[in-house]
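Step one of this worksheet: look at the structure below.
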Amino acid sequence: MLKLENVTIKFGGLIAVNDVSLEIAKGSIFGLIGPNGAGKTTLFNLISGVYKPTSGNIIFQGKQIGGMPPYKVNELGIARTYQNINLFKKMTVLENVMVGCHTRSKEGIFGALLRTGRQKEEEKAIVKKSMEILEFMGLKDKADFLASNLSYGEQRRLEISRALASDPQLILLDEPAAGMNANEKLELNDTIKKINKLGITVLLVEHDMKVVMNICDTVCVLNYGKKLCVGKPEYVQNNKEVIEAYLGGDLDV
Amino acid sequence: MIIRLIIGALMIGSVYGVVGIGYGLIYKASGLMSLAQGDMLMFGAFLGITFYKYLKLPFIVSLLLTMVLMFFLGMFIERVMVTKLIERGAQTVYVILCTISISMILQNSSMLTWGSNVLQFPAIFKKSSVKIFGVGVAPENLLVLGVGIIIMVALQLFLTKTKFGISMRAAAQDELAASSLGINVPHTKGTAWGIASMLAGGIGVCVGPVFGVYMSMGSMIGQKAFAGAVVGGYGNMYGAIIGGVLFGFLETFVSAYLTSNYKDFITFGILIVAMIFMPKGIFNEEVME
Amino acid sequence: MGQNKKSAGQFIREKKFVILFWLALALFVSYLLKSNYPSLILCFICINTIAVTGLDLLFGYTGQVSFGHAGFYAIGAYASTILSMKLGIPVALSMILAALISMFFGFIIAIPASKLVKHFLSLLTIAFGNMVYIFLSVTKSLTNGFSGIINIPDLVLFGYRFKTNQSYFFLFAALAVITLIAKNRLIKSRFGRALIAVRENPHAAAGMGINVSYYKVMAFAISAFFTGLAGSLYAHLMGFISPDGFNNTQSNAFMTMLLFGGIASTFGPMIGSTILTVVTEVMQGFVQYQMLLYALFILLVLYMMPNGVSGLMNKISARIAKKKGKKVKPHA
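Protein chains in written order, with numbering that gives the first Met the number 0: chain A, 0 to 252; chain B, 0 to 288; chain C, 0 to 331.
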């Protein structure tokens, strides 16, 4: 589904991602781990179009997407969440998800001004779809709440809801478990599995090993922008180089 | 002829530069934009002419006295108006609105106090013309240039060599860290605004003899100084000076060789084109979010 | 979204109050209309409402500041004047064309503007406003410079000639209402949500398929349309224009009205325009002290309401909602 071929990005003299090649199988849950600063979020930014690779190819479903602007990447079927919650704080929960529906809807200025029948139908459909997603993520009761009034765990769920609204085939989750307590993390595991069951491929960046080892089919370890090793969770966990890289780093097993 | 143009360009350029430094100081200290800088120049000019023409004080005294008063005016505005507004939760744009109001108050009070006619400075120098490189130049122009340079050098020394100046720079970079080092951050903010007004007012006193003193003299100058500060890298002192001088040259030479009617039109037009190609300014100053 | 009987009842009560309020307002206004001068003020209020609504679409909803909006106002005024006087185009048509010409300039400026932020954008818009002002003052062959243009023709619609301020008021009021409705429709739609998303968080918006540049440019263009339209209305109402009313003071006035009334709200521009237009006119009586009193008034209100009138109303309604235990969204 997603192929990275020798992807490199340099910022001035700093090589943030160094010659990384990966293949993410369709329908899998793929985990990306590594110490802080290893380049995980940078890789996400490369895939979602925020950065343009200095060299290498990023191929999504056969299409070259390296260097494409983020909104086009989303149109092709990739959605993401962010490490620091990037919600629209002044909008309600429902409105946040409705924005997420943007890619898959099309009414523009004239539709809005003239309130054509077509536009009204589309608005109704957007609301309906958004409510369905909120129900799926357990946020339906809070639909009218201001996004900034949600608890931290709820906000993360809202971010995921918003990402789901664009009907993605691949979803990038950037540290979704950060700041969650043990219960919330268990719920998160279930949520991710639920999403995967819908047929959505999941690419996950996480620090919490319990989450990663529990749900990922494949895990890849990054260190200093380079790919250390990739394989099944158990294999990676016992790899000598990986353990060395983490010694002294943050590994909450 | 060229020499006269160059001196003229340097003269008006240093005016833009000095006023532009003020924008940078305010931005570095408070993260805000003040739209009243041009009017500070105007108000300073009025104060200066009052001291010199009506109170018959020596020019230097008038200049220094004006600068002191303008300093307190700027500090007053920051401490009493701006800070209080921010404390009450006003967003940035509303503080800018406050500075717009202050600009109007300055203009209107000036008109009420001194009338709406153009006031002329009595002669400051005995000679009416000075020879520079064989060309006769009005000494008032050199005064502006000279005072401008002195101001810039003095400011540079203040910011790098004095304890308070260094505290100001520290507070501008990181308020929390500076505060925990015992620096009185609110004090430094007030001082920054004070210096901005002081500089504008001071150069205004020198500009008065060249152009006359009137209510709207600050408006265009303020906007061009702002342009110079932005192009040079907003917040950067050297950038403000270089940007200001750049605009001085642009304006002077366009006026001399192309057209004097449309000189501002072309100046702003070139500015727009420049911004298309250099969105971050000459010194690539980071835009504070 | 849940409807319980209690809130439905309150809604009806509220609606009655609103209807009464508008009736009272209409009565008051028709009294004012009896003489020419108050009618003129009412016309200004409508024109300013349209102009500031345009500005709100740009600044309130995509966060792009503009300190040069008088430029579009001027383009609208002069374009309609020149089209109707020099080319003999009927005024109704020249007004619309003028608004479109203004919108065209909006597109042009929007392209560099959409790449800039904060003070760079402020500078760009100031430069634009200045360029328009200077061009109009200096190009005497086209605009008569500072002498201005007189005898601007009245609007004639379906054979009816608009001569009096009163007659203009009814038209302008209708146009203002249409503008507010149009804005409301734009905001409460996919387009409007995209605008707000661009303002709140352009990165997240892009990640959701929103082409940020496109929306920034469209917002600029639509904004220019409305403000330009307001300019054309002004020209034909007054019968006389000169560059004096279109400099950066006017741009600041629009910004002031918007901030005062409250940004990103349906009625903010109207409230700001109404209060400040009235205040300006009241201050006229004090001639020399006018600007001073006006500025002091603004400062005073800023102290009491640091986020404008609409900001205060938001705070009040949020507090009321909190007491009922429900979390309510602001008027965004």
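Glycine included, every Cβ here is placed at the ideal spot set by N, Cα and C.
Looking only at its chain, what residues have a beta carbon closer than 6 angstroms to the beta carbon of Ser178 (chain B), apart from the 5 residues adjacent to it on each side? Val184
Quick check: what's the CA-CA separation for Ile165 (chain B) versus Asn235 (chain B)? 15 angstroms
Which first and last residues belong to the alpha helix (DSSP H) in which Val204 (chain A) is found? Taken as a continuous stretch (DSSP letters only), Val204 (chain A) belongs to no alpha helix (DSSP H), being part of the beta strand (DSSP E) at 200–204.
What residue from A:Val235, A:Lys209, A:Ala181, A:Gly224 has the CA that sits closest to Lys9 (chain A)'s CA? Cα-wise, what sits closest to Lys9 (chain A) is A:Gly224.
Give a yes or no on whether 8 angstroms exceeds the smallest Cβ distance from Ala181 (chain C) to chain A. yes
What would DSSP say about Glu174 (chain A), mapped onto helix, strand or coil? coil
Which same chain residues end up closer than 6 angstroms to Gly37 (chain B) when comparing Cβ atoms and leaving out the 5 residues on each side of it in sequence? Gly217, Ser218, Ile220, Gly221
Could you spell out the range, first to last residue, of the alpha helix (DSSP H) harbouring Arg198 (chain C)? 189–199 is the span of the alpha helix (DSSP H), which, as asked, contains Arg198 (chain C).
Using CA coordinates, which residue listed in C:His235, C:His118, C:Leu41 is at the minimum distance from Asn150 (chain C)? C:His235
Test item: CB-CB of Glu235 (chain A) and Val210 (chain A) under 8 angstroms: Glu is not the amino acid found at residue 235 (chain A); the sequence shown has Val there. For Val235 (chain A) and Val210 (chain A), no; Cβs fall outside 8 angstroms.
Starting from the Cα of Ala122 (chain B), find the closest Cα among B:Trp113, B:Ala137, B:Met110 and give me that residue. B:Ala137
Using the rule of at least 16 other Cβ atoms within 10 Å of the residue's Cβ for burial, across every protein chain shown, is Ala25 (chain C) buried or exposed? exposed
Met274 (chain B) versus C:Val116, C:Tyr72, C:Tyr36, residue with shortest Cα-Cα distance: C:Val116
7 angstroms CB neighbourhood of Asn188 (chain A) in its chain, flanking five on each side removed: Val210, Asn213, Ile214
Secondary structure at Val272 (chain B), three-state DSSP: helix, strand or coil? helix
Rounded to the nearest angstrom, what separates Tyr261 (chain B) and Leu105 (chain B) at their Cα positions? 29 angstroms
Glu280 (chain C): first and last residue of the uninterrupted alpha helix (DSSP H) it sits in: It spans 267–283 - the alpha helix (DSSP H) in which Glu280 (chain C) sits, taken as one unbroken run.
Proximity test, Cβ basis, 8 angstroms: Ala28 (chain B) and chain C: By the rule that beta-carbons nearer than 8 angstroms mark a contact, Ala28 (chain B) does not touch chain C.
If you follow the alpha helix (DSSP H) that Thr161 (chain B) is part of, which residue opens it and which one closes it? Element bounds for Thr161 (chain B): n/a, residue is neither H nor E.
Against Thr7 (chain A), what residues of chain C qualify as contacts under a CB-to-CB distance less than 8 angstroms, listed in chain order? Here the premise fails: no neighbours, minimum Cβ distance about 23 angstroms.
If we ignore side chains and look at the alpha-carbon of each, how far apart do Phe58 (chain B) and Gly231 (chain B) end up? 32 angstroms
Taking buried to mean at least 16 other C-beta atoms within 10 Å of its own C-beta, is Gly1 (chain C) buried or exposed? Interpretation of Gly1 (chain C) is limited by its pLDDT of 43, a score under 50 that renders its predicted location unreliable; the figure taken from the coordinates is listed afterwards. Counting Cβ neighbours within 10 Å, Gly1 (chain C) comes out exposed, since fewer than 16 surround it.
How about Asn306 (chain C): is its C-beta nearer than 8 angstroms to some C-beta of chain A? no
C-alpha gap between Gly12 (chain B) and Met304 (chain C), whole angstroms: 40 angstroms
Determine the contact status of Ile25 (chain B) and Ser33 (chain B), defining contact as a CB-CB distance below 8 angstroms. yes
Mind listing the chain B neighbours of Tyr293 (chain C)? Cutoff is C-beta to C-beta under 9 angstroms, in chain order. Against chain B, a Cβ distance below 9 angstroms from Tyr293 (chain C) picks out Ser100, Met103, Asn107.
Assign Pro89 (chain C) to buried or exposed, taking buried as 16 or more other Cβ atoms, counted over all protein chains shown, within 10 Å of its Cβ. Exposed, because fewer than 16 other Cβ atoms sit within 10 Å of the Cβ of Pro89 (chain C).
Taking Cβ-Cβ distances below 8 angstroms as the criterion, which residues of the segment 194–225 of chain C are in contact with chain A? Residues passing the 8 angstroms Cβ filter: Ile195, Ala196, Glu199, Asn200, His202, Ala203, Ala204, Ala205, Gly206, Met207, Gly208, Ile209, Asn210, Val211, Met217, Ile221.
In the structure shown, what three-state DSSP assignment does Asp173 (chain B) receive? coil
Just the Cα atoms here: how many angstroms apart are Ile270 (chain C) and Val308 (chain C)? One Cα belongs to Ile270 (chain C), the other to Val308 (chain C), and the distance between them is close to 8 angstroms.
When we look at the beta-carbon of Ile23 (chain A) and count the other beta-carbons within 10 Å, is it buried (16 or more) or exposed? buried
Would you call the CB atoms of Ala126 (chain C) and Ala239 (chain B) closer than 8 angstroms? no
For Cys219 (chain A), the first and last residue of its enclosing alpha helix (DSSP H): Careful: Cys219 (chain A) lies outside any alpha helix (DSSP H), inside the beta strand (DSSP E) at 217–222.
Using a cut-off of 9 angstroms between C-beta atoms, extract the partners of Arg79 (chain A) located in chain C. Gly206
is_contact[Thr61 (chain C), chain E] using C-beta, thresh 8 angstroms: Absent here is chain E; the protein component of the structure consists of chains A, B and C.
Put Gln36 (chain B) into one of helix, strand or coil per three-state DSSP. helix
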